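Working notes for the structure below.
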């Protein structure tokens with residue numbers, strides 16, 4: 056059984072990151088008065104998006120080298 060949790064985790068964090076970063080882009084600047092003017096929704100959305108993309112990349116790289124798959128044939132000489 057090949058259960059790779061990196062893919063669903065990557066999808067979840069990527070989706071949350073897109074939603075949070077999008078909200079940070081369209082929200083009013085007045086709601087960030089308590090955070091010293093820092094758009095925390097945008098920054099944390101970008102962090103979540105980056106982490107999700109790293110997890111998706113790791114899942115894709117791990118899928119390429121499954122332990123039971125046969126090795127690729129060598130390229131013919133040119």
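In our numbering, the protein residues as written are 56 to 133. We put the beta carbon where it would ideally sit given N, CA and C, even for glycine. Since this is a predicted model, take the numbers as computed values, not measurements.
Delimiting residues of the alpha helix (DSSP H) encompassing residue i
i: residue 75; result: 61-81
Distance CB(residue i)-CB(residue j) smaller than 8 Å
i: residue 59; j: residue 114; result: yes
i: residue 97; j: residue 72; result: no
i: residue 92; j: residue 68; result: no
Residue environment, residue i, which counts as buried when at least 16 other CB atoms sit within 10 Å
i: residue 80; result: exposed
i: residue 110; result: buried
i: residue 112; result: exposed
i: residue 75; result: buried
i: residue 77; result: exposed
i: residue 117; result: exposed
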